[in-house]
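Undergrad:
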Amino acid sequence: MRTSAGLAAVLGAAAAVASELNARGCGGDNCGRAVMANRFGAATMAARLADCSSYLSVTVTPSTSTRYVTETVSTTVTYDPLAPARRDEGAAAAIAPRQASKVIPAYASPCSGVASKYISACSCYGATAATTTAPTPIFTSTVVVTDASTVTLRNSPPLDTKNVVIPDFDDWTATYTFEEFTLPVFEATAPVEIPTPVPTTECFVDPAADGNEFYLLEPGKSILGNRDGIVGQPKNPETQEEADEMFEAMDNGTFEFPLYSFEKPADAPEGRYDLVLINGESKLYIALEDDGEMVFVSGSTGPTKTDGHITTIFGVTCKGRLTVHVGDNEYLWKGSGNSTIAQLGEVDNTAIAILPKDAESQPEKRGYDGMGQSGGAPRCPATPWNVWPRVRAGARGYNPNGCGPANGIDLVPDFSWSGCCNEHDNCFDNCDDKTFEGCNSEFHGCMHNRCRADYNRWWNAWLRPACLKTADFYAYMVGTDIGKKAFYASNSERCECACKNGQDLCKTGGSFNCISTENNNDHCGGCDRQCPYKTHCSGKGCVCDVHQCGSKCLDMRTNPFNCGRCGNVCESGFCYNGVCYDPPENPDRCYPRQGFENGDVKAAKGALGWSAEGATGDARAYFSVFDGAAGDSYGSAADLPSGGFSAISLVQDVRVCAGTAYDFDFQTRRVRGDGTCRYALSIGSRFITGWNNLPPTLATWNNVGPIRVNPFWLNQEGARQGSRHYLIAKFALHLQCDAGRSQWSGVRFDSFSLIPA
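In mature numbering (1 follows the signal peptide of the UniProt record, and there is no 0), the protein residues as written are -19 to -1, 1 to 738.
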């Protein structure tokens, strides 16, 4: 065998040089004698000479060769390539190169751990330093191409680590830490919200208030007046000439419409009033006759029926419909031919309505078209001055709905004004050049023009005043808080406010301001988009202060998952100035490191360290299962095919250092099953999570963690003494499933990590 022949050759050479070493004075001190060990024979001398050669050996790593390729990887946020600007933070102190850390064998303890003494003894032996040249590492760097609507996930270039030498002393591992952060992915910025005014009153008529004067309207038909002693539609003119004179008087303001008010007798019940015609030769009271007809009488009867009629029976709803109550009975008052009648029933849209006289004299605050900051309901805040409204990207189109409740004008019926109402809706939706007052003024004019066009003959002359007064009332209502609420609803659905100088409009310190979001850490690419710790804003996107790998911000000098370059994982869990560090095989103390021996369940390691416990039903576990969705194409799996409840636990012993806190994380995806699955995690006898649901995710891996694991101590909570200085504790992932209709649940796990916090 080649191995035996090689060993014999080494033994022979060692024996031949022993006498020569004695002649040269090697072994003149305790260190040299411990290293030489000629008293133990040739085999021991050969082994120790090999230890010396290993200690003196040097591995040279050529400079990294970089290959650049181009690819596009994007998310939903926009920013430009990494900028050199960064926050002012203390730079990491440079560490002078030193000889690579090697372990002096325990038998050479007389050398007192001093490397120079051990090297001197080895050199006296004749040990030489072998130089090994490692293969030239090739690093592929991604150059990204992106459009204006995406942000690129990019990798920082690799570090130059050819001059990095890990210190002789490993004290730095006792305080070793690293950080990483995920770059934020911002949602689309919501338009600036302008507070919607709250209506000051729910009812637009208060019958108890002094000075309330109004007209009576039979919906869709006529103003009501005194028609030969009954409440009904006044008689139309008998000729067109008489009608034209009536229309002219309406236009010049000299026509006298029947005008009413409420009076409350001293003995009236709560909420009951008299209804009085006030602009005739004398006041007349409306009374309900026994047959249900409404008539005019000369005085109030109070709440008691007199001579077959009663007057103190009226009230009004918040939306302007008149109510009639006699005792405990409610009546519906509505038109009937040329008169009006009251019948038992509840108020509906056919009920007689009131039109406040104040509506025709409502002051109009005229806004200027195109000025989004003017009027009583501006589309944009009053400050800063250089703000204008515009249609928001992705907003709905125009959406007119006629004279319907969406506009808040369901109070009285319309007079075939659908066209006017649609134009009014579209005006509210017009972000570019329409104001609240301007829209309402156009609406008022449109309705008046419609009234004059539709009711211009002698036989329908009394429909014109009904139409005009209703139009006045509609225009009045859309100018109140009810109209403002509809206006702001349209504004928020369709419009946004923008600064004319290209900056973003943001609310800061309780007021609106035009802010540049190009390089603003508090408003990066949009309002309130704050760049987190260790990042800064550049080109409207958050970028990493130090290094970036994909969407992670980190420091490749210390990150064990991206050590020196993106994707370079240190199995030991230690990264020193961009170079992976492997603690000695026989450590003199506990080195906090990755606690899992086989956390990635790699193909090369198979099921190493893993086992299954507590299986019920047909539950079973597989390790190192091929999984194309996993980062390394392999993971562990658990199948629970039982038709009912089943459970299983995946376990592996983990190594921890006493008194050290750790962070735990892993990945999982549920590939099949529609029943309920849940998991819990434990280390030793301590549960580090409660029970958590596992919904089906198919090909999507969910990241779980980091979960903080507080320190363990020897012989507490299931932690026992391991090899040398480590504690051993059993990690368990407990899985329980009800298979559901599919009769099968499948769950996969990967990337278990337990690293020092």
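A virtual CB, placed ideally from N, CA and C, is assigned to each residue, including glycine.
Source: prediction; values computed, not measured.
Where does residue 271 sit, in a helix, a strand or coil, going by DSSP?
TA: Here residue 271 sits in coil by DSSP.
Undergrad: Can you say whether residue 99 is buried or exposed, counting buried as having 16 or more other CB atoms within 10 angstroms of its CB?
TA: Classification of residue 99: buried, given that the 10 Å Cβ count is 16 or more.
Undergrad: Contact between the segment 241 to 251 and the segment 216 to 228: three or more CB pairs below 8 Å?
TA: Segments in contact, no.
Undergrad: Between the segment 646 to 659 and the segment 534 to 548, do at least 3 Cβ pairs fall closer than 8 Å?
TA: These segments do not touch.
Undergrad: Kindly indicate which three-state DSSP category residue 279 falls into: helix, strand or coil?
TA: Of the three classes helix, strand and coil, the one that applies to residue 279 here is coil, per DSSP.
Undergrad: Between the segment 262 to 270 and the segment 245 to 253, do at least 3 Cβ pairs fall closer than 8 Å?
TA: Too few Cβ pairs lie closer than 8 Å, so no.
Undergrad: What residues are listed by DSSP as bridge partners for residue 136?
TA: Note: residue 136 sits in a beta bridge opposite 530.
Undergrad: Residue 664 lies in the beta strand (DSSP E); which residues open and close that run?
TA: That run of the beta strand (DSSP E) goes 658 to 664.
Undergrad: Please list the terminal residues of the continuous alpha helix (DSSP H) segment that includes residue 457.
TA: From DSSP, the alpha helix (DSSP H) with residue 457 extends over 444 to 459.
Undergrad: Does the Cβ-Cβ distance between residue 498 and residue 509 come in under 7 Å?
TA: No, the pair does not count as a contact, with Cβ atoms beyond the cut-off.
Undergrad: Pairing CB atoms from the segment 316 to 330 with CB atoms from the segment 454 to 470, are three or more of them under 8 Å?
TA: Judged by Cβ distances under 8 Å, the segment 316 to 330 makes no contact with the segment 454 to 470, as fewer than three pairs qualify.
Undergrad: If you draw a straight line from the alpha carbon of residue 694 to that of residue 639, how long is it in whole angstroms?
TA: Residue 694 and residue 639: Cα-Cα distance of roughly 5 Å.
Undergrad: Taking 7 Å as the threshold (C-beta atoms), are residue 401 and residue 428 in contact?
TA: Yes, these two residues count as a Cβ contact at 7 Å.
Undergrad: Between the C-alpha atoms of residue 263 and residue 338, what's the straight-line distance to the nearest angstrom?
TA: The straight-line gap from Cα to Cα measures roughly 20 Å.
Undergrad: Using alpha carbons as the reference points, say which of 286, 188 and 319 lies closest to residue 214.
TA: The shortest C-alpha separation from residue 214 is found at 319.
Undergrad: Jot down the residue ranges of each uninterrupted beta strand (DSSP E) in the segment 479 to 530, minimum 3 residues, whole runs only, in chain order.
TA: Runs of the beta strand (DSSP E) inside the segment 479 to 530: 485 to 489, 492 to 496, 516 to 519 and 522 to 525.
Undergrad: When the Cα atoms are used, what is the spatial distance from residue 598 to residue 717?
TA: Roughly 11 Å between the two C-alpha positions.
Undergrad: Indicate the three-state DSSP secondary structure (helix, strand or coil) for residue 369 in the structure shown.
TA: Here residue 369 sits in strand by DSSP.
Undergrad: Could you pull the DSSP bridge partners for residue 718 from this structure?
TA: DSSP, once it has assigned bridges, lists 627 and 658 as partnering residue 718.
Undergrad: Go to residue 206, then tell me how far its beta strand (DSSP E) extends in each direction, as first and last residue.
TA: Residues 206 to 208.
Undergrad: Let's see if you can read the secondary structure: which residues bound the alpha helix (DSSP H) around residue 306?
TA: Where residue 306 is concerned, there is no enclosing alpha helix (DSSP H), although the beta strand (DSSP E) it sits in stretches over 303 to 307.
Undergrad: Measuring alpha carbon to alpha carbon, tell me which residue in 300, 550, 698 and 719 is nearest residue 627.
TA: The shortest C-alpha separation from residue 627 is found at 719.
Undergrad: Could you tell me the distance, in whole angstroms, from the CA atom of residue 494 to the CA atom of residue 651?
TA: Their Cα atoms are separated by approximately 48 Å.
Undergrad: Go through its chain and collect everything with a Cβ distance to residue 503's Cβ below 6 Å, but skip five positions before and after it.
TA: So the qualifying residues of the chain are 511.
Undergrad: If you measure between the beta carbons of residue 733 and residue 647, is that distance less than 7 Å?
TA: It is a contact, given that the beta carbons lie within the stated cut-off.
Undergrad: What are the start and end residues of the beta strand (DSSP E) that includes residue 316?
TA: Counting along the chain, the beta strand (DSSP E) containing residue 316 begins and ends at 310 to 317.
Undergrad: Alpha carbon to alpha carbon, how far is residue 290 from residue 397?
TA: If you take the alpha carbons of residue 290 and residue 397, they lie about 37 Å apart.
Undergrad: Report the three-state DSSP secondary structure of residue 739 (helix, strand or coil).
TA: No information on residue 739 is available, as it lies outside the stretch -19 to 738 that the chain covers here.
Undergrad: Looking only at its chain, what residues have a beta carbon closer than 8 Å to the beta carbon of residue 710, apart from the 5 residues adjacent to it on each side?
TA: Contacts found: 634, 635, 637, 664, 665, 693, 698, 699, 700 and 701.
Undergrad: So, residue 195 versus residue 336, is the Cβ gap smaller than 7 Å?
TA: In contact: residue 195 and residue 336 (Cβ atoms closer than 7 Å).
Undergrad: Excluding five sequence neighbours on each side, which residues of the same chain lie with their C-beta closer than 6 Å to the C-beta of residue 740?
TA: This structure cannot speak to residue 740, because the chain is shown only from -19 to 738.
Undergrad: Can you round the beta-carbon distance between residue 459 and residue 412 to whole angstroms, since I take them to be within the 8 Å contact cut?
TA: Contact doesn't hold; Cβ gap of about 18 Å is too wide.
Undergrad: Just tell me which of 534, 102, 507 and 513 has its CA closest to the CA of residue 521.
TA: The residue with the shortest Cα to Cα distance from residue 521 is 507.
Undergrad: Kindly indicate which three-state DSSP category residue 186 falls into: helix, strand or coil?
TA: Residue state, collapsed to three classes: coil.
Undergrad: Under the DSSP definition of a beta bridge, which residues are partnered with residue 556?
TA: In DSSP, residue 556 forms a bridge with 561.
Undergrad: Check each candidate in 38, 255 and 441 and name the one with the smallest Cα separation from residue 203.
TA: For the residues 38, 255 and 441, the minimum Cα distance to residue 203 belongs to 441.
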